[in-house]
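S.K.: One structure, as structure tokens, below. Some questions next.
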Amino acid sequence: MFNLLKEKISSFVDAFSKKEEEKLKVSLSLESKVKGAILGEIEIKEKDVDDVLEELELSLLEADVAFDVASEVVRFIKSSLVGKRVKSGEVEKTVKEVVREALWEQLKQEKPDLLSLPDSKEKPFKILFLGPNGAGKTTTMAKIADIFIKSGKTVVFSASDSYRAAAIEQAEAHAEKLGVKVIKHSYGADPAAVCFDAINYAKSHGIDVVLMDTAGRQETNRNLMDEMRKIVRVAKPDFKIFVGESIAGNAIVEQVKTFKEAVGLDGVILTKLDCDAKGGTALSIIKASKVPILFFGVGQGYDDIIEFDEEFILSQLLGE
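Each number in the working numbering comes from the position in the sequence shown (counting from 1) with 768 added on.
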């Protein structure tokens, strides 16, 4: 997980630290010799960081970090390091702290507590899952259902992906395992009508949460995006979750932005994080799209889901 980005960050920290430690040993003037002897420290100059930071920026881009985000990380590191006085033997520690702070700035977010939201609204609380094809929306919906059920909430599924082959059967299979009701129509039916019926069922049966599946759609398909707008108008979801693959790279940032502009988004769930060897996607989405990450999918099981945590991501990236 995140192997490439972790490797690039580690390479930067090691290369820069060794370079600065060498400077502490080899002073270039009598003044610096005296200072170094007495204080055992050195001031980091702009010329010391430019080359290594340029290399770091290219490495971040290679690891699927969005250009604007990579540039901001590099700017933060440069402004934090230049002019800083560092003692011998503490360069690596100092640089690592600065890199950690730079990454934290990209990852920090105000994340809603999804589990508590149904308590703040009139029943049923309606959640719409949307995103591109093949991202794992139905499985993710089932994982979220499992979380709600374990917290004592009742759930109903809206099998409103009426286009993909076996989508309804997949929703039914998950529902059977979880012990929840599925509201469905036939294939080719209006997905907005399926959502409408699921919401009415929940109202009449006192169900806490309606989870609404949708067909995958590319943000460039105007007809399908218009259909998504119709679903939102009819179902009036309380919360809209974009589900996308972590391995999609920078493409997912643009997808999130487009869906957000079209129908609004309240959160993102990134799937297949366990297959993401680069790691830049998670770093890019929050800052680039201004939409919080809620969870990461790390497998097919219902328990294979991790709530977003900045410290978890930082520990992965920095090898802590």
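A virtual CB, placed ideally from N, CA and C, is assigned to each residue, including glycine.
Please name the residue in A934, S919, H942 whose C-alpha comes closest to that of F925.
M.R.: For F925, the nearest C-alpha among the options comes from H942.
S.K.: If distances are taken between C-alpha atoms only, which option among K1046, L1051, P1005 comes closest to K889?
M.R.: Closest option to K889, Cα to Cα, is P1005.
S.K.: Cutting at 6 Å between CB atoms, please list the residues of its own chain near Q877, excluding the five before and the five after it.
M.R.: For Q877, where only same-chain residues beyond five positions count, the Cβ hits under 6 Å are I1054, P1060.
S.K.: Compare the Cα-Cα distances from S1083 to each of V867, D818, A1056, G920 and report the closest residue.
M.R.: Closest by alpha carbon: V867.
S.K.: Please name the residue in I936, Y955, A961 whose C-alpha comes closest to that of K949.
M.R.: Ranking I936, Y955, A961 by Cα distance to K949 puts I936 first.
S.K.: Which word fits D887, buried or exposed, when buried means at least 16 other C-beta atoms lie within 10 angstroms of its C-beta?
M.R.: Exposed, since its Cβ has fewer than 16 Cβ neighbours within 10 Å.
S.K.: Taking A903 as the reference, give the member of K852, R932, V837 with the closest Cα.
M.R.: Checked all of K852, R932, V837; the closest Cα to A903 is R932.
S.K.: When the Cα of L1038 is compared with those of P900, Y969, R997, which residue comes out closest?
M.R.: Among P900, Y969, R997, the Cα nearest to that of L1038 is on P900.
S.K.: Can you confirm whether the stretch 831-841 touches the stretch 1045-1052 when touching is taken to mean that 3 or more C-beta pairs between the two stretches lie within less than 8 Å?
M.R.: The stretch 1045-1052, when compared against the stretch 831-841, does touch it at the 8 Å Cβ threshold.
S.K.: Taking the alpha carbon of F1076 as the reference point, which residue from R985, A957, N968, L875 has its own alpha carbon closest?
M.R.: Nearest C-alpha to F1076: L875.
S.K.: Quick check on F780: buried or exposed, where buried means 16 or more other Cβ atoms within 10 Å of its Cβ?
M.R.: By the neighbour-count rule (16 or more Cβ atoms within 10 Å), F780 is buried.
S.K.: Mind checking which residues open and close the alpha helix (DSSP H) that includes T862?
M.R.: Run containing T862: 859-875, per the alpha helix (DSSP H) assignment.
S.K.: Let me make sure I understand the geometry here. Which of K918, K921, K952 has the alpha-carbon closest to that of A927?
M.R.: Of the listed residues, the one whose Cα sits closest to A927 is K952.
S.K.: Based on Cα-Cα distance, which residue from L979, V1000, L896, E830 lies nearest to A776?
M.R.: Checking the displayed sequence, the identity of residue 776 turns out to be Lys instead of Ala. Nearest C-alpha to K776: E830.
S.K.: Could you tell me if D818 is buried or exposed, where buried requires 16 or more neighbouring beta carbons within 10 angstroms of its beta carbon?
M.R.: Counting Cβ neighbours within 10 Å, D818 comes out exposed, since fewer than 16 surround it.
S.K.: Tell me the DSSP secondary structure of R932 in three-state form.
M.R.: Coil at R932, not helix or strand.
S.K.: Between which residues of its own chain and E799 is the CB-CB distance below 7 Å, once the five residues before and five after are set aside?
M.R.: Caution applies to E799, whose pLDDT of 47 falls short of 50 and renders its modelled position unreliable; the model cannot decide the point.
S.K.: Based on DSSP bridge pairs, tell me the residues matched to S926.
M.R.: Looking at the DSSP assignment, S926 forms a beta bridge with I951, M980.
S.K.: Which residue's Cα is closest to the Cα of E940: K921, A913, A961?
M.R.: For E940, the nearest C-alpha among the options comes from A913.
S.K.: May I ask which residues mark the beginning and end of the beta strand (DSSP E) holding V1011?
M.R.: 1007-1013 is the extent of the beta strand (DSSP E) around V1011.
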